[in-house]
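Heads up: the structure comes next, in structure tokens.
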Amino acid sequence: MNDLVLEASNFIDLNVAEIIYLFVVGFVGGLVSGFIGSGGAFVLTPAMMGIGVPALVAVASNMCHKFPKALVGALKRAKYGQVDYKLGIVVGISAEAGVLYGAHIQESIKATFGEAGSNLYVSAAFVLVLAIVGGFVMRDAIKTYRNGTIDEKEVKTKLAQWIQTINIPGTMVYFKSIDAKISVLFTIPLGFATGLLAATIAVGGFVGVPSMIYVMGVPSLMASATELVVAFVMGLGGSIKYALHGLVDIRLAMIILAGSLFGIQLGAIGTTYVKPFMIKVVMGSIMIIVLLSRLLMVPVYMSQLDIFFDLTEKTSSLLSKTSFAIMIFALAVGAFIVLFSIWKGKKEEEATN
Amino acid sequence: MKKRIKNQGAKMLIQGSVVFFLYYALMTKQEVIINEFSHPDFFKTVLIIGIAFLFSFVHGKFTHNFWDVLGFEASKKYQK
Chain A
85 MNDLVLEASN
95 FIDLNVAEII
105 YLFVVGFVGG
115 LVSGFIGSGG
125 AFVLTPAMMG
135 IGVPALVAVA
145 SNMCHKFPKA
155 LVGALKRAKY
165 GQVDYKLGIV
175 VGISAEAGVL
185 YGAHIQESIK
195 ATFGEAGSNL
205 YVSAAFVLVL
215 AIVGGFVMRD
225 AIKTYRNGTI
235 DEKEVKTKLA
245 QWIQTINIPG
255 TMVYFKSIDA
265 KISVLFTIPL
275 GFATGLLAAT
285 IAVGGFVGVP
295 SMIYVMGVPS
305 LMASATELVV
315 AFVMGLGGSI
325 KYALHGLVDI
335 RLAMIILAGS
345 LFGIQLGAIG
355 TTYVKPFMIK
365 VVMGSIMIIV
375 LLSRLLMVPV
385 YMSQLDIFFD
395 LTEKTSSLLS
405 KTSFAIMIFA
415 LAVGAFIVLF
425 SIWKGKKEEE
435 ATN
Chain B
39 MKKRIKNQGA
49 KMLIQGSVVF
59 FLYYALMTKQ
69 EVIINEFSHP
79 DFFKTVLIIG
89 IAFLFSFVHG
99 KFTHNFWDVL
109 GFEASKKYQK
């Protein structure tokens, strides 16, 4: 870690254009986070790196903007009765352990295979997780739409129903979001996986929210709101760890926070106008588009490691730029759906009054 | 209703001024941050976390009122 601290001493000078750029990306990221409980971080870190911020400072500063943002979002959504604090804290603590373990794996891979190996690992994790989980979430959203059950109460999966029937003495905890007791022996691995993913691809919510919905049986709106509590717990622990190593550039974190707090307020408001299945639509759409983005980067990193591909510098650069553009597009699609939902919901409400 | 928006508008302006002051202070002290915060110690870590909480508290209130004043409120079924 000491070598990493040396890298951190490169806090960059910021000009007005860069400040505005980070503010805008922060706003869009916050908008999506306020709605689905996570997201945005996968664009913020590369966005910072794009203006010359060292990778670890970008990750650390992103983390330091995440916990205050999640706090504001969680408090806002708690006003709408969407947050299960107890579940968020229980999952958040085990997620913290996952973050620490995930960071350790990252450091080991980087030490063994270098920067390209580490990047390939992150991209492969992105592709694998997003293909499985994103595909499942999207399929569920489409199925709900086709069945015409958008307006009906969400049905718990068979897995969630089964888990709620299992009684392991001494480990049972009552959670208001599911109005039932479940064993923490189920929540701990899910939290750990959320943290592991957060440390790897920066968006633990891509596992956290679906696992709360499909494995624990938490309603979509509550799962996405409770994920903000998980993000707060994870973000606070991660920020302390990074700050102790001098990796947090507080200017960067607070500039992104400036934009993201505008966004998260609006995203949270958006959840009050939509049917629960819209959470799955936005999350699934973003996951599938980001999957395409990361898929493009796999040959680039494989080429750098001399595995199978041998790309020219020009081709690699083109793929990298296209990949980043697709990521921005993913966030823009999410933001568009959120804003459209608010507009449509308000219009419908006005028409009924 | 008009009075409520007027009060909220006034609150928003005060909070906005505080937010502006905080960001002004942060951005005009860039050199101090570049030189000092990359050399970590316990006190600086506490300061960083404290700054994040302070900004989230003040800016969070400001952004809440900002959207309220513009008419972006939660659906009526969520308003008590």
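First to last, the sequence lines map onto chains A and B. 85 is the number of the first residue of the first sequence in the working numbering; add one for each residue after it. 39 is the number of the first residue of the second sequence in the working numbering; add one for each residue after it. Cβ coordinates follow ideal geometry from the N, Cα and C atoms, glycine included.
Neighbour flag for residue i against chain A, beta carbons, 8 Å
i: B:G98; result: yes
i: B:Q46; result: no
i: B:Y61; result: yes
i: B:L5; result: As shown, chain B starts at 39 and ends at 118. That puts residue 5 of chain B outside it, with no answer to give.
i: B:I87; result: yes
i: B:Q68; result: yes
i: B:F58; result: no
i: B:I72; result: yes
i: B:K114; result: yes
i: B:S55; result: no
C-alpha gap between residue i and residue j, whole angstroms
i: A:V268; j: A:T255; result: 6 Å
i: A:V100; j: A:L403; result: 29 Å
i: B:W105; j: A:L350; result: 7 Å
i: A:A144; j: A:F151; result: 11 Å
i: A:F408; j: B:Y61; result: 29 Å
i: B:K49; j: B:K99; result: 9 Å
i: A:A264; j: B:S113; result: 28 Å
i: A:M132; j: A:G172; result: 29 Å
i: A:A435; j: A:K237; result: 24 Å
i: A:S261; j: A:F126; result: 28 Å
i: A:P273; j: A:S344; result: 30 Å
i: A:V293; j: A:S304; result: 8 Å
i: A:V366; j: A:A277; result: 22 Å
Anticipated Cβ contact below 8 Å, residue i with residue j, distance rounded
i: A:I247; j: A:M296; result: Not confirmed; about 12 Å, so no contact.
i: A:K153; j: A:I285; result: Wrong, their Cβ atoms sit about 18 Å apart, outside the cutoff.
i: A:G429; j: A:Y357; result: 3 Å
i: A:V445; j: A:A416; result: In the structure displayed, chain A extends from 85 to 437; residue 445 of chain A sits before or after that span and is not available.
i: A:K364; j: A:A225; result: 4 Å
i: A:M411; j: A:S377; result: 5 Å
i: B:S76; j: A:G330; result: 5 Å
Below-8 Å beta-carbon distance, residue i vs any chain B residue
i: A:P138; result: no
i: A:A92; result: In this prediction, A:A92 scores a pLDDT of 47, lower than 50, which makes its location untrustworthy; no coordinate-derived value is stated.
i: A:V313; result: no
i: A:W427; result: no
i: A:V143; result: no
Exposure of residue i, with buried meaning 16 or more beta-carbon neighbours within 10 Å
i: B:S55; result: exposed
i: A:I266; result: buried
i: A:R335; result: buried
i: A:T228; result: buried
i: B:N103; result: buried
i: B:Q53; result: buried
i: B:G88; result: exposed
Residue i CB to nearest heavy atom of the ligand HEM below 7 Å
i: A:T310; result: The ligand HEM is not part of this structure, which contains no ligands at all.
Ignoring anything shorter than 4 residues, give me the alpha helix (DSSP H) runs that lie fully in the stretch 125-162 of chain A, in order along the chain. 125-134
At what residue ranges does the stretch 186-256 of chain A contain a whole run of the alpha helix (DSSP H), taking only runs of 4 or more? 219-231 and 242-249
What alpha helix (DSSP H) runs, 4 residues minimum, are completely inside the stretch 340-401 of chain A? 361-388
Can you list, in chain order, the stretches of the alpha helix (DSSP H) that have 4 or more residues and sit fully within the stretch 289-328 of chain A? 289-294 and 304-328
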